[in-house]
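Using this note's numbering, you'd call the opening residue of the sequence shown number 336 and step up by one each time.
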Amino acid sequence: MAETILTTNIPPSVTIVHTNVKQECPVQYVTVYNDRAEVTRLLRYHFDNEGTYDLVLQGLSPSADLTSFHVSGGKGKACTILEVSYQTRYEDSSVSLSDTTLLDQLQTQLDVVQADIDEHAQELDRFKKQRTWLDGRASKLMNQEESLSRSDFETMEQFLNFYRKMLSKIDKETTQEQRQLKELHSRCNALKAKINEHRSQAITNRLIEQREVTITIHVASSKTDVALEVSYLISNCSWSASYDIRVDGGEGRQPKTQLTYYGDTFDLPLGIDSSIKIEYKPVKKTSDTQGIISKVHLKTVRHETHITNTKTNDVIVFVYDQLPLSSDEKIKVNLIQPDLRRKDNNPHNTIITLKDTNNLEWKCVLSSRGECRLPFEYTVEWPYDKHVEFQEEL
């Protein structure tokens, strides 16, 4: 007789381990970008028994991007990362005892104020009835058609004095009651606003958002220590940097430069280099008149810059000089030296360029102990019957 045995595969139970990332997962390093940051934390845990575990990370920042989580580590047979998932859940927390006590106190104060309002309103109603009664008696007295005796006039005078005295008293007490009612209504409205605010806050706080990331791992052996690196992105992060480059701390100079990223170049003035000798020759100016029928003034300006490199290594020197720029078509400025039309205007490894700002640029490559001379000459021509003034604009 054959015996049949039925077996059922029971899935292994999963042990859940809750971990607060702020308290139990120290930050290893942070990389900050223009609009976000990458945070890397270290998760360490000791497992006494083998099996499958869900490591639930709690206490994550609201700005954390749950879809960016990356987990590394746990390599080898001792630990295997099976799955990384995330979830957001909302817990309905009970209102704290302190919030309930505060609401009860506010409600008690509101009840007392409301009772005072009712009492003063009743007092005002009594004053109104007293005034109505007095007005009725006065109206009845004035509407009498019978002839009045002397005693009647005395009685009427006594009533009028009483009527005036009572009206004054009623009006005074009515004004006082109305002022107190106004203050009580203000206190009542303020208490109601506080009660509504605390109730709304209690309702808002009752639903608490819980952002969690679950790392499912399998531990193959007991008594195992596992270290996992958890990295994720956080939004609403940025950074700014400033650099203080000190060249000569002895003299207390602290040159500063603009923000420059890695790989860029920037210019930083370091002061006068005494190893580069620059001699600016005196300017020579000559004036002349040309033409037979249409005479013109002609002014020639010439000077020369002499540069000497006393260093033991080659240097590159940039020299700038301004060529006058005319705003009138009758005034003509002609560049004589250097002649930019010639292709061989490169003596002594010098490159000459006329910039858009009408400035001449000499780029001189000077060898050790080398020198170069930079002649600069131009003419200015204008009508004979005109007077020209030269102005320098920075």
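In this text, a Cβ means the ideal position worked out from N, Cα and C, and glycines have one as well.
Exercise. Taking one C-beta from the stretch 518–527 and one from the stretch 377–391 each time, how about it: are there three or more such pairs within less than 8 angstroms?
Worked result: no
Exercise. Taking contact to mean at least 3 C-beta pairs separated by less than 8 angstroms, is the stretch 703–719 in contact with the stretch 633–644?
Worked result: yes
Exercise. Which ranges would you report for the beta strand (DSSP E) in the stretch 614–652 if only whole runs of at least 3 residues count?
Worked result: 619–625, 631–644
For this session: Check whether the Cβ atoms of residue 526 and residue 403 sit closer than 8 angstroms, and answer yes or no.
Result: Translated into positions along the sequence shown, residue 526 becomes position 191. Translated into positions along the sequence shown, residue 403 becomes position 68. It is not a contact, given that the beta carbons lie outside the stated cut-off.
Exercise. Who are the Cβ neighbours of residue 358 in its own chain at under 8 angstroms, not counting the five residues just before and after it?
Worked result: Here residue 358 is taken as the residue at index 23 of the sequence shown, counted from 1. Closer than 8 angstroms at Cβ, skipping near neighbours: 394.
Exercise. Mind checking whether residue 717 and residue 666 have CB atoms under 8 angstroms apart?
Worked result: Sequence index remark: in the sequence shown, residue 717 carries index 382 (1-based). Sequence index remark: in the sequence shown, residue 666 carries index 331 (1-based). Yes; because the gap between Cβ atoms is below 8 angstroms, this pair is in contact.
Problem set entry | Supposed contact pair residue 396 and residue 549 - C-beta distance, whole angstroms, cut 8 angstroms | Counting from one through the sequence shown, the residue named residue 549 turns up at place 214. Counting from one through the sequence shown, the residue named residue 396 turns up at place 61. In fact, because the Cβ distance is near 17 angstroms, the residues do not count as touching under 8 angstroms.
Exercise. Does the separation of the CB atoms of residue 561 and residue 414 fall below 8 angstroms?
Worked result: Taking the sequence shown and counting its residues from 1, one reaches residue 561 at position 226. Taking the sequence shown and counting its residues from 1, one reaches residue 414 at position 79. Yes, the pair counts as a contact, with Cβ atoms nearer than the cut-off.
Exercise. For residue 342, which residues from the same chain have a beta carbon less than 7 angstroms from its beta carbon, with the 5 sequence-adjacent residues on both sides left out?
Worked result: Stepping through the sequence shown from its first residue, residue 342 is reached at position 7. Only weak support exists for where residue 342 lies, its pLDDT of 46 falling under 50; the coordinates are left without a value.
Exercise. Measuring CB to CB, does residue 535 end up less than 8 angstroms from residue 369?
Worked result: For the purposes of this step, residue 535 is identified with residue 200 of the sequence shown, where counting begins at 1. For the purposes of this step, residue 369 is identified with residue 34 of the sequence shown, where counting begins at 1. In this structure, residue 369 does not lie closer than 8 angstroms to residue 535 by Cβ.
Exercise. Do residue 509 and residue 459 come within 8 angstroms of each other at the CB atom, strictly closer than that value?
Worked result: Along the sequence shown, one-based indexing puts residue 459 at 124. Along the sequence shown, one-based indexing puts residue 509 at 174. In contact: residue 459 and residue 509 (Cβ atoms closer than 8 angstroms).
Exercise. Nearest-angstrom Cα distance between residue 690 and residue 664?
Worked result: Looking up residue 690 in the sequence shown gives position 355. Looking up residue 664 in the sequence shown gives position 329. For residue 690 and residue 664, the distance between alpha carbons rounds to 20 angstroms.
Problem set entry | Assigned secondary structure, residue 387 (DSSP; H/G/I helix, E/B strand, else coil) | As a position in the sequence shown, residue 387 is number 52, starting the count at 1. Three-state DSSP puts residue 387 in a strand.
Problem set entry | Bounding residues of the beta strand (DSSP E) (the contiguous stretch that carries residue 406) | Walking along the sequence shown from the start, residue 406 turns up at place 71. Element bounds for residue 406: 399–408.
Problem set entry | With 16 other Cβ atoms within 10 Å as the buried cut-off, status of residue 719 | Your numbering for residue 719 matches position 384 in the sequence shown. Exposed, by the Cβ-count rule.
Exercise. Just checking my contact of residue 391 with residue 367 at CB under 8 angstroms: how many whole Å lie between their CB atoms?
Worked result: In the sequence shown, residue 391 corresponds to position 56, counting from 1. In the sequence shown, residue 367 corresponds to position 32, counting from 1. Not quite, the Cβ-Cβ distance comes to about 28 angstroms (not below 8 angstroms), so this is no contact.
Exercise. Tell me which same chain residues have a C-beta within less than 6 angstroms of the C-beta of residue 345, skipping the five on either side of it?
Worked result: Position 10 of the sequence shown holds residue 345. Below a pLDDT of 50, predicted positions are generally treated as unreliable, and residue 345, at 44, falls in that range; no measurement from the model is reported.
Problem set entry | For residue 669, the residue or residues it bridges with in DSSP | Counting from 1 along the sequence shown, the entry for residue 669 is found at position 334. Note: residue 669 sits in a beta bridge opposite 714.
Exercise. Under three-state DSSP, which class holds residue 572?
Worked result: Here residue 572 refers to the residue found at position 237 when the sequence shown is read from its first residue. Coil, per DSSP.
Problem set entry | Burial state of residue 651, where buried means 16 or more other Cβ atoms lie within 10 Å | Reading the sequence shown from its first residue, position 316 is the one you call residue 651. Classification of residue 651: exposed, given that the 10 Å Cβ count is below 16.
Problem set entry | Helix, strand or coil at residue 723 [DSSP, three-state] | Within the sequence shown, residue 723 is the residue found at index 388, counting from 1. Of the three classes helix, strand and coil, the one that applies to residue 723 here is coil, per DSSP.
Problem set entry | residue 496 (DSSP reduced to helix, strand or coil) | Counting from one through the sequence shown, the residue named residue 496 turns up at place 161. Three-state DSSP puts residue 496 in a helix.
Exercise. Which same chain residues, not among the five before or five after residue 461, have their C-beta less than 7 angstroms away from its C-beta?
Worked result: Here residue 461 refers to the residue found at position 126 when the sequence shown is read from its first residue. Result list for residue 461: empty, nothing under 7 angstroms.
Exercise. Can you give the Cα-Cα distance for residue 564 and residue 602, rounded to whole angstroms?
Worked result: Counting from one through the sequence shown, the residue named residue 564 turns up at place 229. Counting from one through the sequence shown, the residue named residue 602 turns up at place 267. In a straight line, the C-alpha of residue 564 is about 42 angstroms away from that of residue 602.
For this session: Measure the C-alpha to C-alpha separation of residue 472 and residue 457 and round it to an integer number of angstroms.
Result: Start at 1 with the first residue of the sequence shown, and residue 472 comes out as number 137. Start at 1 with the first residue of the sequence shown, and residue 457 comes out as number 122. Going by the C-alpha atoms only, they are around 23 angstroms apart.
Exercise. Whose CA, out of 500, 685, 354, lies closest to the CA of residue 698?
Worked result: Position 363 of the sequence shown, counted from the start, is the residue given in the question as residue 698. For the residues 500, 685, 354, the minimum Cα distance to residue 698 belongs to 685.
For this session: Kindly indicate which residue of 503, 506, 385, 657 has the alpha-carbon position closest to the one of residue 688.
Result: The sequence position of residue 688 within the sequence shown is 353, counting from 1. The shortest Cα separation from residue 688 among 503, 506, 385, 657 belongs to 657.
Exercise. Quick one: does residue 546 have its CB under 8 angstroms from some CB of chain B?
Worked result: Reference to chain B is not applicable here, since this structure consists of a single protein chain.
For this session: Go through its chain and collect everything with a Cβ distance to residue 466's Cβ below 6 angstroms, but skip five positions before and after it.
Result: For the purposes of this step, residue 466 is taken as the residue at position 131 of the sequence shown. Cβ neighbours of residue 466 beyond the five flanking positions: 505.
Exercise. Which of helix, strand or coil does DSSP assign to residue 543?
Worked result: On the sequence shown, residue 543 is found 208 positions in, with the first residue counted as 1. In this structure, residue 543 counts as strand in the three-state DSSP scheme.
Exercise. Expressed to the nearest angstrom, what Euclidean distance is found between the alpha-carbon atoms of residue 615 and residue 649?
Worked result: Here residue 615 refers to the residue found at position 280 of the sequence shown. Here residue 649 refers to the residue found at position 314 of the sequence shown. Answer to the nearest angstrom: the Cα atoms are 22 angstroms apart.
For this session: Could you tell me which of 612, 625, 661, 673 sits nearest to residue 705, measuring between CA atoms?
Result: Taking the first residue of the sequence shown as position 1, residue 705 is located at position 370. Taking only the C-alpha atoms, the option nearest residue 705 is 612.
For this session: Might you give, ordered along the chain, the residues of its own chain that have their beta carbon closer than 6 angstroms to the beta carbon of residue 669, omitting 5 neighbours on each side?
Result: Within the sequence shown, the letter at position 334 stands for residue 669. So the list reads 714, once near-sequence residues are dropped.
Exercise. Taking the continuous beta strand (DSSP E) assigned at residue 690, which residues delimit it?
Worked result: Numbered from 1 along the sequence shown, position 355 holds the residue referred to as residue 690. Looking at the DSSP string, residue 690 is not in any beta strand (DSSP E), and its letter there is neither H nor E.
Problem set entry | residue 499 burial status per 10 Å Cβ neighbour count (16 or more: buried) | For the purposes of this step, residue 499 is taken as residue 164 along the sequence shown, with counting starting at 1. Looking at its Cβ environment, which holds fewer than 16 other Cβ atoms inside 10 Å, residue 499 is exposed.
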